[in-house]
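Colleague: This is the structure I have questions about; it appears just below.
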Amino acid sequence: MPTHTRIRMFNTQQTYPNQALDNDLCQAVRAGNTIYVRGQIGTDFDGNLVGLGDPRAQAEQAMKNVKQLLEEAGSDLSHIVKTTTYLIDPRYREPVYQEVGKWLKGVFPIST
């Protein structure tokens with residue numbers, strides 16, 4: 001049976017203390033040669049919101065998180081094959097896509 005490496009494990013009791021949650025999760029999992037990364041937002045790994053009101057800064061923080069998680073799993077951004085981006089306002093598309101594009105220049109992942 002293959003082993004999985006779980007990266008940055010946490011429990012939702014710590015991340016959402018005001019809610020009745022108790023889920024054991026992690027930020028990324030390496031399963032064989034595949035790495036799965038949890039959705040990232042403009043929050044650093046200490047729980048601090050970065051770039052309040054600034055979608056570009058939040059996208060930058062999310063990409064910093066993705067880069068760090070991939071490196072902790074033994075990989076890097078050049079191996080990304082798919083991205084999914086959620087926006088709460090279509091006006092954020094340009095600054096967010098510009099920022100993500102800087103990080104993934106030359107990678108050519110599929111994107112939704």
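Quick note: the sequence shown, position 80, residue 80 per the working numbering, numbers continuous. In this text, a Cβ means the ideal position worked out from N, Cα and C, and glycines have one as well.
(1) Just curious, the beta strand (DSSP E) that residue 37 is in, first and last residue?
(2) Residues bridged to residue 31 by DSSP?
(3) Nearest by alpha-carbon distance to residue 79: which of 105, 22 and 42 is it?
(4) For residue 81, collect the residues of the same chain with a Cβ closer than 8 angstroms to its Cβ; drop the 5 residues on either side in sequence, then sort them by chain order.
(5) Under a Cβ-count criterion, where at least 16 other Cβ atoms within 10 Å of its own Cβ denotes burial, should residue 70 be classed as buried or exposed?
(6) Nearest to residue 42 by alpha carbon, out of 29, 57 and 36?
(7) Based on Cα-Cα distance, which residue from 10, 30 and 96 lies nearest to residue 46?
(8) Relative to the C-alpha of residue 65, which candidate in 83, 95, 27 and 87 has its C-alpha closest?
(9) Within 10 angstroms of its Cβ, does residue 55 collect 16 or more other Cβ (buried), or is it exposed?
(10) If you compare alpha carbons, which of 72, 13, 44 and 73 is closest to residue 60?
(11) According to DSSP, is residue 11 part of a helix, a strand, or is it coil?
Modeller: Based on what the coordinates show:
(1) Numbered from 1 along the sequence shown, position 37 holds the residue referred to as residue 37. That run of the beta strand (DSSP E) goes 34 to 37.
(2) As a first step, residue 31 must be located in the sequence shown, where it is residue number 31. Answer is 4 and 34, bridged to residue 31.
(3) In the sequence shown, the residue the question calls residue 79 occupies position 79. The shortest C-alpha separation from residue 79 is found at 105.
(4) Locating residue 81 in the sequence shown gives position 81, where the first residue counts as 1. 109 and 110.
(5) Reading the sequence shown from its first residue, position 70 is the one you call residue 70. When all chains shown are included, residue 70 counts as buried.
(6) Residue numbering aside, residue 42 sits at position 42 when the sequence shown is read from its first letter. The shortest C-alpha separation from residue 42 is found at 57.
(7) Indexing the sequence shown from 1 puts residue 46 at position 46. When each option's Cα is compared against that of residue 46, the closest is 10.
(8) Taking the first residue of the sequence shown as 1, we reach residue 65 at position 65. With distances taken between Cα atoms, residue 65 lies closest to 27.
(9) In the sequence shown, the residue the question calls residue 55 occupies position 55. Answer is buried; the Cβ neighbour count reaches 16.
(10) Position 60 of the sequence shown, counted from the first residue, corresponds to residue 60. Out of 72, 13, 44 and 73, 44 has the C-alpha closest to the C-alpha of residue 60.
(11) For the purposes of this step, residue 11 is identified with residue 11 of the sequence shown, where counting begins at 1. Looking at residue 11 - three-state DSSP - the assignment turns out to be strand.
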